[in-house]
Amino acid sequence: MSAHDVRGADAAVTPDPARHISPDCAGLNFYDLDRGFRDLLRLYLSEADHRQLEPHFRRLGELAGGRLDRLSRIADKHAPVLNPRDAYGRDEDWIDYHPAYRDMEAIAFGDFQFHAMSHRGGVLGMDRPLPAVAKYAFQYLFVQSEFGLMCPISVSDTSTHLIRKFASDELKDYLLPKMLSADMATLWKGTQFMTERAGGSDVGAIETIARRDGDVWRLSGDKWFCSHADADVALMLARPEGAPSGTRGLALFALPRRLKDGRRNTYRIVRLKDKLGTRSMASGEIRLDNAVAYLVGDPTQGLKQMMEQVNLSRLSHGVRAAAMMRRCVNEAMASAGARVAFGRKVIEFPLLRRQLMKLIVPSEQALSMMMVAASAMDRANAGSDEAKDLVRILTPLLKYRACRDNIPVATGAMETRGGNGYIEEWVQARLVRDAHVGVLWEGTSNINALDIITRAVGKSAAHRALAAAMERRLSEAKDLPEPFARRLRTAFDRAVAFAERVADDRVPEHSARLAASALYHAASAIVLAWEGCQADVDAKRLLLSRFVLEHRLTAKDPLAPADDAWERDAIALVLAGEPVPLDRAVACLTA
């Protein structure tokens with residue numbers, strides 16, 4: 000017998016060691032896997048848009064579970080490298096990326112054109128810009144595999160928004176053709192540089208100075224945390240010479256990486272950050288040395304203009320958190336459904352089933368609130384003032400709560416897989432690392448909670464638009480049992496009253512986070528219930544609504560025995576994997 004025959008014989012009798020290891024989601028189509036997402040797209044998109052875009056959703060779902068996922072794993076292990084000078088000693092700083100990252104860029108900017116899809120027609124066969132619901136739905140699928148690159152994608156999109164809205168015609172003619180190009184060779188990708196050592200959340204402390212020099216401005220200063228550090232054009236705040244201190248003196252500028260004659264602009268990437276997560280994407284420190292920049296809009300309205308980009312980024316962060324939680328749910332379900340312990344699949348054990356529900360409920364809350372916010376944005380863009388108020392409060396609500404929920408969900412999914420979840424060969428470790436940045440970028444939890452309570456509620460009264468929207472949904476949910484509808488309405492009214500008391504300083508400011516969370520949970524419970532009553536939507540969402548109501552909005556004695564018969568039935572229906580009929584969901588609501 001030859002050596003080859005011996006090896007073949009051994010292989011035939013040697014058990015595969017992988018039989019003891021639970022599979023992950025690699026190779027699955029993340030669109031086909033997500034029934035709730037598919038249902039909501041039909042609900043929130045027009046029939047024509049859904050018909051046009053569904054093949055592209057399915058195609059991205061296949062990429063997210065396949066090639067994109069493989070590229071993302073590679074890029075995470077090969078961080079960008081800064082080259083400060085060329086061989087001749089010239090300060091031509093550039094960043095080398097692994098080919099896997101470049102391939103992901105080609106998918107995002109070349110194939111799907113994320114940067115342009117909400118600004119012009121011609122993307123994915125559409126004769127007009129995509130609605131916000133569709134744009135964020137594509138982001139949701141993409142981020143389930145790659146989180147780091149979504150920052151350059153998002154800031155390119157939002158930078159274009161600011162240039163289109165506030166820049167002079169001359170600056171628009173210069174920048175927009177490049178920023179909206181479908182050709183990777185001519186595309187200018189965008190970013191925003193805000194944070195300085197002196198000014199993070201305290202934007203008014205920014206020290207970068209702007210000096211007028213004929214038709215351009217010269218910027219000098221340091222920017223401390225610059226994601227997408229080598230972008231082709233960066234939007235940033237600086238203080239023109241002689242302008243007042245604080246936020247009133249800040250103006251908005253566009254800083255090109257290269258000048259019109261092709262020379263490198265006079266700013267330098269000093270170093271790249273060694274980050275906990277988002278390792279595929281380059282974040283660095285920037286030193287500006289009389290760098291050429293262009294004024295964008297009114298020099299006295301710089302912060303107000305920049306906040307439009309910040310708020311759009313906040314909404315995108317909420318979407319990213321929803322996406323990452325969904326990946327966590329997918330991974331936890333794959334592991335729990337296949338792993339065997341003590342002679343049973345672990346998904347059969349009651350404690351593990353409750354743990355899975357702790358992942359599923361916040362994931363589906365975020366998905367629903369993301370869809371409501373995106374739909375409101377579409378109506379706001381069409382001219383609805385009420386929808387503008389709705390976007391004003393939903394954006395920080397989603398960013399605040401979904402990004403916070405993302406962290407325990409990522410940890411819970413890692414725990415579901417067990418020790419393998421702690422190993423970098425599996426995706427859970429990266430999900431845990433990446434989850435934490437959502438509570439830091441575009442404002443910490445405290446900043447977003449204060450924005451919700453003191454500004455959106457206290458100054459803008461945007462919660463009234465939210466209240467009107469929630470009341471409409473309750474009135475439209477005809478199949479909702481009245482006792483349950485009454486509980487939802489009472490919980491929402493209490494949340495609003497509490498938020499108003501905190502905003503009016505009748506309750507200490509330290510309650511702002513509690514008040515913001517209450518608004519989010521109460522609104523999401525109503526939205527889930529409304530969605531679950533709609534035709535062709537899985538009534539499972541009604542059950543999720545009750546979980547939110549019982550566990551996030553109802554006081555309980557933690558030491559009292561719980562009558563959890565309804566929970567056992569609801570968990571069985573949710574985890575079964577099949578759509579839940581409306582009558583069974585309604586029966587479980589009233590049990």
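Mapping the sequence shown onto numbering that gives the first Met the number 0, position 227 (from 1) lands on 226, and the numbers just tick up by one.
No residue lacks a Cβ here, since even glycine has one placed at the ideal position from N, Cα and C.
Exposed unless 16 or more other CB atoms sit within 10 angstroms - verdict on residue i
| i | result |
| --- | --- |
| residue 183 | exposed |
| residue 7 | Note that residue 7 has pLDDT 46, beneath the 50 cutoff, so the model's placement of it is unreliable and the number below is only indicative. Burial call: exposed. |
| residue 388 | buried |
| residue 421 | exposed |
| residue 558 | exposed |
| residue 585 | buried |
| residue 68 | buried |
| residue 398 | buried |
| residue 4 | Reliability of the predicted coordinates at residue 4 is poor, the pLDDT of 42 falling under 50, and the value obtained from them is presented with this limitation in mind. Under this definition residue 4 is an exposed residue. |
| residue 572 | buried |
| residue 9 | Caution applies to residue 9, whose pLDDT of 47 falls short of 50 and renders its modelled position unreliable; the model cannot decide the point. |
| residue 130 | buried |
| residue 244 | exposed |
| residue 192 | buried |
| residue 212 | exposed |
| residue 509 | exposed |
| residue 1 | Reliability fails at residue 1, whose pLDDT of 40 lies under 50, so the model's placement of it is uncertain and the value that follows must be treated cautiously. So residue 1 counts as exposed. |
| residue 530 | buried |
| residue 168 | exposed |
| residue 198 | buried |
| residue 155 | buried |
| residue 132 | buried |
CB-CB length for residue i against residue j, believed under 8 angstroms
| i | j | result |
| --- | --- | --- |
| residue 88 | residue 26 | 48 angstroms between Cβ atoms; not a contact. |
| residue 537 | residue 482 | Incorrect: roughly 23 angstroms between the Cβ atoms, too far for contact. |
| residue 268 | residue 81 | 6 angstroms |
| residue 487 | residue 465 | Incorrect: roughly 14 angstroms between the Cβ atoms, too far for contact. |
| residue 365 | residue 317 | 7 angstroms |
| residue 363 | residue 109 | Incorrect: roughly 32 angstroms between the Cβ atoms, too far for contact. |
| residue 452 | residue 517 | Not confirmed; about 10 angstroms, so no contact. |
| residue 161 | residue 300 | In fact, because the Cβ distance is near 12 angstroms, the residues do not count as touching under 8 angstroms. |
| residue 321 | residue 43 | About 14 angstroms; that fails the 8 angstroms criterion. |
| residue 107 | residue 148 | 6 angstroms |
| residue 532 | residue 479 | 6 angstroms |
| residue 554 | residue 521 | That pair is no contact at about 14 angstroms. |
| residue 292 | residue 254 | 5 angstroms |
| residue 194 | residue 287 | No, residue 194 and residue 287 are not in contact; Cβ-Cβ is about 14 angstroms, not under 8 angstroms. |
| residue 279 | residue 100 | 6 angstroms |
Option in the options with minimal Cα separation from residue i
| i | options | result |
| --- | --- | --- |
| residue 372 | 584, 390, 140 | 390 |
| residue 266 | 217, 240, 226, 250 | 217 |
| residue 153 | 434, 319, 349, 39 | 319 |
| residue 450 | 467, 428, 392, 171 | 392 |
| residue 204 | 210, 211, 196 | 196 |
| residue 247 | 127, 118, 304 | 304 |
| residue 431 | 343, 277, 565 | 277 |
| residue 60 | 583, 28, 43 | 28 |
| residue 591 | 19, 274, 95 | Since the first residue shown for the chain is 0 and the last is 590, residue 591 is missing from the structure and cannot be characterised. |
| residue 546 | 560, 523, 535 | 523 |
| residue 225 | 343, 151, 433 | 151 |
| residue 157 | 125, 127, 118 | 118 |
| residue 302 | 350, 455, 249 | 249 |
| residue 63 | 40, 32, 93, 128 | 32 |
| residue 121 | 135, 155, 179, 72 | 179 |
| residue 514 | 526, 37, 501 | 501 |
| residue 492 | 479, 470, 503, 477 | 470 |
| residue 270 | 83, 541, 287 | 83 |
| residue 102 | 70, 132, 128, 76 | 70 |
| residue 396 | 381, 456, 20, 416 | 456 |
| residue 21 | 57, 125, 336 | 336 |
| residue 592 | 568, 460, 275, 525 | Shown here, the chain extends from 0 to 590; a query on residue 592 therefore has no answer. |
Runs of alpha helix (DSSP H) wholly within the segment 342-382 (minimum 4 residues, chain order)
Complete alpha helix (DSSP H) runs here, min 4: 349-380.
Whole beta strand (DSSP E) runs in the segment 284-329 with 3 or more residues, listed along the chain?
none
The segment 103-117 contacting the segment 172-186, beta-carbon criterion three pairs below 8 angstroms
yes
Please list the segments of the alpha helix (DSSP H) lying wholly inside the segment 226-253, counting only runs of 4 or more residues, in order along the chain.
none
contact_flag[the segment 228-238, the segment 41-51] where n(CB pairs < 8 angstroms) is 3 or more:
no
Just checking, does the segment 410-419 make contact with the segment 348-359 on the three C-beta pairs under 8 angstroms criterion?
A contact between stretches requires three or more CB pairs, one per stretch, nearer than 8 angstroms, and the segment 410-419 meets this requirement with the segment 348-359.
Entirely enclosed alpha helix (DSSP H) segments - the segment 400-470, minimum 4 residues:
As far as the segment 400-470 is concerned, its whole alpha helix (DSSP H) runs of at least 4 residues are 426-434, 444-449.
Between the segment 544-551 and the segment 437-444, are three or more C-beta pairs nearer than 8 angstroms?
no
Inspect the CB distances between the segment 291-301 and the segment 130-150 and report whether three or more fall short of 8 angstroms.
By the Cβ rule, the segment 291-301 does not count as touching the segment 130-150, because fewer than three pairs are nearer than 8 angstroms.
Output the residue ranges of the beta strand (DSSP E) runs that lie fully inside the segment 506-562 and measure 3 residues or longer, sorted by chain position.
none
Give the list of continuous alpha helix (DSSP H) stretches no shorter than 4 residues that lie fully inside the segment 77-126.
98-104
Write down every uninterrupted run of the beta strand (DSSP E) in the segment 10-87 whose length is 3 residues or greater and which is fully enclosed by it, in chain order.
80-82
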